[in-house]
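Engineer:
Chains as they are written, first to last, in my numbering: chain Z, 1 to 334; chain B, 1001 to 1301.
In structure tokens, the structure reads:
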């Protein structure tokens, strides 16, 4: 789309175009783009081989009854060929509407939605609060920032184990709660508390990213806007509501989308917090799909891949609606 | 400890805009406002610090049951866990595997992504929108959708339990992500530099390799660091594809201390600290550029 504009201005100005990529205008037709295509070729090829092909292959698997007993495998020197067969859309039908579909899919789906909404809401509100505090003129601001980034800096698989020690039955958290004569929940055994603990750990891990992004957004808001608002007698709340929030909108829409995608796909925290085979009710769809494919015998490859396809469809549909919604709002605002 | 205090950080934001109310000049506030701010930030910092500090503290306790009686550790603190981990576990093997996988991913990721980042930053071509959409979408892939077919394909190729399997699978996220990040960085390099190069007779490739690439070194470094950190932190594929315990990466190795039968929390804590220190240092070096790269790529896409 930009090309059309460039070309128009280019023609008006003669043969020297004001925008880069100016070779585009010298060559004609398809020749115009050959180096752009040459430059994107490595990524297109790599993605085609590493993502495209497995995706197609995975989609085909969902239409079969593949599991670890009938897939091609090599035991010692013997090679056994694959014997799984095509069964059409039965896997999807079974997952969505089959017997016990509620326990297998819908309960995990609901929990995944709750998990995503709760985590992103907490990430955003706490992140925004901390960003607002760090944005003030304050002694020791850099030290605070460095400390607050720590949960993001340390690898997640390390910190999750740390939480696991703290949340253990007689771990430090329960010892403290006990000394305060508060109830000591079984964080890693009881379903409700498992879910609570998972959200808590994920919130702890995810806030720094939101905080830093929003802090960047706050710093890019023109300070004269605040002065103007103050001259017009706007209260602190009005300044926050009508200057800060609109100023953060483009950053917010990006980080909220990233947050939703990341949280929806969050594998590490739940997988490591509860170990491989415990807490079936606290599994979100991603970890549940993994458990189907690799956490049991025989491994159910077909259903696991079908969950993957369903997950990707959910995310794709959500993302395109999100973009449409953003666009409409922008147009309304302008 | 963290449950009651966590609630505090949620309510803490309220005082932030408030201090400005009575101030004549912007940014001025009374002593009460300052105290509130410091209080909120100190509490939040403590929550951020506590789990990491606790891990460091536990790693000094010589006995695997010490986490149940943390007050006892202070009296008998020792570094024996660290020497045990370094001498009697697979730590050094894990270190080697992690380095091979992470450096391989970093190198291939940046190498492949660099030209594309430049192309999508400077040129508009048919298929541009679709490419950006694909780059964005591949970052949203749930691991569940790739792990099964990848496992099948790698079994057929005999790549299971090799470093290549992990490098390749990490590249499937590292490559689009690096391209995205680098696009954001190339956008900040003035277009006039390209034009000058073109006027002086360089081809588009010459412009890129001779002018832009040297200028983009900080951006390349950030992409490289980020690829490195994500490759080190990758859990799902490493757990599934690596079978031989001398080829485990850190993310898998750390899990071996905790099984259903036995949990050696003291060695786990010491290993975790040893892993966390270098990665954390790496992270702090690039942390600031990382956030701008992430959000800039997103908003302008």
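Cβ coordinates follow ideal geometry from the N, Cα and C atoms, glycine included.
#1: Please identify, using Cβ separations under 9 Å, the residues of the region 1132-1166 of chain B that lie next to chain Z, in order along the chain.
#2: Can you tell me which of 1170(B), 1284(B) and 1029(B) puts its alpha carbon nearest to the alpha carbon of residue 212(Z)?
#3: For residue 340(Z), which residues in the same chain have their Cβ closer than 8 Å to its Cβ, ignoring the five residues on either side in sequence?
#4: What does the Cβ neighbour count give for residue 195(Z), buried or exposed, with the cut at 16 atoms within 10 Å?
#5: Can you pull the chain Z neighbours of residue 1048(B), defined as C-beta to C-beta under 7 Å?
#6: Is the shortest distance between the beta-carbon of residue 316(Z) and the beta-carbons of chain B less than 8 Å?
#7: By DSSP's criteria, residue 80(Z) is part of a beta bridge. Which residues make up the other side?
#8: Just to confirm the assignment: which complete alpha helix (DSSP H) runs, minimum length 4, are found wholly within the region 1160-1212 of chain B?
#9: Classify residue 1249(B) as helix, strand or coil using the three-state DSSP reduction.
#10: Using DSSP bridges, identify the partner residues of residue 86(Z).
#11: Does any residue of chain B have a CB that is nearer than 8 Å to the CB of residue 286(Z)?
#12: Going by C-alpha to C-alpha distance, which of 52(Z), 101(Z), 191(Z) and 217(Z) sits closest to residue 1135(B)?
#13: What does the Cβ neighbour count give for residue 108(Z), buried or exposed, with the cut at 16 atoms within 10 Å?
#14: Does the region 157-166 of chain Z come within contact of the region 1254-1272 of chain B, defined as at least 3 CB pairs closer than 8 Å?
#15: Which of the three DSSP states, helix, strand or coil, is assigned to residue 350(Z)?
#16: In angstroms with no decimal places, state the Cα-to-Cα distance between residue 1246(B) and residue 1092(B).
#17: I'd like the list of long-range same chain contacts for residue 128(Z), defined as Cβ closer than 6 Å, with 5 residues on each side in sequence excluded.
#18: Does the beta carbon of residue 1186(B) sit closer than 8 Å to a beta carbon anywhere in chain Z?
#19: Check residue 236(Z) in the structure and name its three-state DSSP category.
#20: Mapping DSSP to helix, strand and coil, what is residue 1053(B)?
#21: Tell me where the alpha helix (DSSP H) around residue 284(Z) begins and ends.
#22: Please report whether the beta-carbon of residue 1285(B) lies at a distance below 8 Å from any beta-carbon of chain Z.
#23: Are the region 1060-1073 of chain B and the region 1260-1278 of chain B touching by the rule of at least three beta carbon pairs closer than 8 Å?
#24: Whose Cβ in chain B lies nearer than 9 Å to the Cβ of residue 305(Z)?
#25: Could you tell me the distance, in whole angstroms, from the CA atom of residue 1216(B) to the CA atom of residue 1116(B)?
#26: Apart from the five residues on each side of it in sequence, which residues of its chain come closer than 7 Å, Cβ to Cβ, to residue 1169(B)?
#27: So with Cβ pairs under 8 Å, would you call residue 1275(B) a contact of chain Z?
#28: Are any of the Cβ atoms in chain B nearer than 8 Å to that of residue 325(Z)?
#29: According to a CB-to-CB cut-off of less than 8 Å, which residues of the region 259-275 of chain Z neighbour chain B?
#30: Taking CB distances under 8 Å as the criterion, tell me whether residue 1001(B) reaches chain Z.
#31: Who are the Cβ neighbours of residue 1273(B) in its own chain at under 7 Å, not counting the five residues just before and after it?
Structural biologist: The relevant details are as follows:
#1: Listed in chain order, the positions of the region 1132-1166 of chain B with a beta carbon within less than 9 Å of a beta carbon of chain Z are 1134, 1135, 1136, 1137, 1138, 1139, 1140, 1141, 1142, 1143, 1144, 1145, 1146, 1147, 1148, 1149, 1150, 1151, 1152, 1153, 1155, 1156 and 1158.
#2: Against the first chain, residue 212(Z) aligns to sequence position 212. Answer by Cα proximity: 1284(B).
#3: Outside the displayed range of chain Z (1 to 334) lies residue 340(Z), so it cannot be described from this structure.
#4: Walking along the first chain from the start, residue 195(Z) turns up at place 195. With a threshold of 16 other beta carbon atoms within 10 Å, residue 195(Z) meets it and is buried.
#5: Stepping through the second chain from its first residue, residue 1048(B) is reached at position 48. Under the 7 Å cutoff, chain Z gives 147, 148, 150 and 151.
#6: If you number the first chain from 1, residue 316(Z) lands on position 316. Chain B contact via Cβ: present.
#7: Sequence index remark: in the first chain, residue 80(Z) carries index 80 (1-based). Per DSSP, 73(Z).
#8: For the region 1160-1212 of chain B, the full-length alpha helix (DSSP H) segments reaching 4 residues or more read 1163-1187 and 1191-1199 along the chain.
#9: If you number the second chain from 1, residue 1249(B) lands on position 249. Coil.
#10: As a working mapping, residue 86(Z) is identified with position 86 in the first chain. Answer is 64(Z).
#11: Here residue 286(Z) corresponds to residue number 286 of the first chain, with the count starting at 1. It does; some Cβ of chain B falls within 8 Å.
#12: Reading the second chain from its first residue, position 135 is the one you call residue 1135(B). Closest option to residue 1135(B), judged by alpha-carbon separation, among 52(Z), 101(Z), 191(Z) and 217(Z): 52(Z).
#13: Position 108 of the first chain, counted from the first residue, corresponds to residue 108(Z). The Cβ neighbour count for residue 108(Z), taken over all protein chains shown within 10 Å, is at least 16; the residue is labelled buried.
#14: Here the region 157-166 of chain Z makes contact with the region 1254-1272 of chain B; the two share three or more CB pairs at distances below 8 Å.
#15: Not covered by the structure: residue 350(Z). The range shown for chain Z is 1 to 334.
#16: As a first step, residue 1246(B) is located in the second chain; it is residue number 246 there, counting from the start. As a first step, residue 1092(B) is located in the second chain; it is residue number 92 there, counting from the start. Rounded to the nearest angstrom, the gap between the Cα atoms of residue 1246(B) and residue 1092(B) is 9 Å.
#17: Counting from 1 along the first chain, the entry for residue 128(Z) is found at position 128. Result list for residue 128(Z): 214, in chain order.
#18: Locating residue 1186(B) in the second chain gives position 186, counting from the first residue. For residue 1186(B), no CB of chain Z lies under 8 Å from its own CB, so it is not counted at the interface with that chain.
#19: Numbered from its first residue, the first chain carries residue 236(Z) at position 236. It is helical.
#20: Residue numbering aside, residue 1053(B) sits at position 53 when the second chain is read from its first letter. Reduced to three states, the DSSP call for residue 1053(B) is helix.
#21: Residue 284(Z) sits at position 284 when you count from the first residue of the first chain. Bounds of any alpha helix (DSSP H) do not take in residue 284(Z), whose DSSP letter is neither H nor E.
#22: What you label residue 1285(B) is simply residue 285 of the second chain in a count that begins at 1. Taking CB atoms only, residue 1285(B) has no neighbour in chain Z less than 8 Å away.
#23: In this structure the region 1060-1073 of chain B lies against the region 1260-1278 of chain B, because at least three pairs of beta carbons, one per stretch, are closer than 8 Å.
#24: As a first step, residue 305(Z) must be located in the first chain, where it is residue number 305. Within 9 Å Cβ-Cβ: 1144, 1145, 1147, 1148 and 1149.
#25: The sequence position of residue 1216(B) within the second chain is 216, counting from 1. The sequence position of residue 1116(B) within the second chain is 116, counting from 1. So the two alpha carbons sit approximately 14 Å from each other.
#26: Indexing the second chain from 1 puts residue 1169(B) at position 169. Leaving aside the five residues that flank residue 1169(B) on each side, the residues in its chain whose CB is nearer than 7 Å to its CB run, in chain order, 1150 and 1237.
#27: On the second chain, residue 1275(B) is found 275 positions in, with the first residue counted as 1. Yes - at least one Cβ of chain Z is within 8 Å of the one on residue 1275(B).
#28: As a working note, residue 325(Z) is residue 325 in the first chain. Not one chain B Cβ lies under 8 Å of residue 325(Z).
#29: Of all residues in the region 259-275 of chain Z, 261, 264, 265, 267, 268, 271, 272 and 275 have a Cβ within less than 8 Å of some Cβ in chain B.
#30: Looking up residue 1001(B) in the second chain gives position 1. Reliability fails at residue 1001(B), whose pLDDT of 40 lies under 50, so the model's placement of it is uncertain and the value that follows must be treated cautiously. Cβ-Cβ to chain Z under 8 Å: yes for residue 1001(B).
#31: By one-based count along the second chain, residue 1273(B) stands at place 273. Closer than 7 Å at Cβ, skipping near neighbours: 1055, 1056 and 1059.
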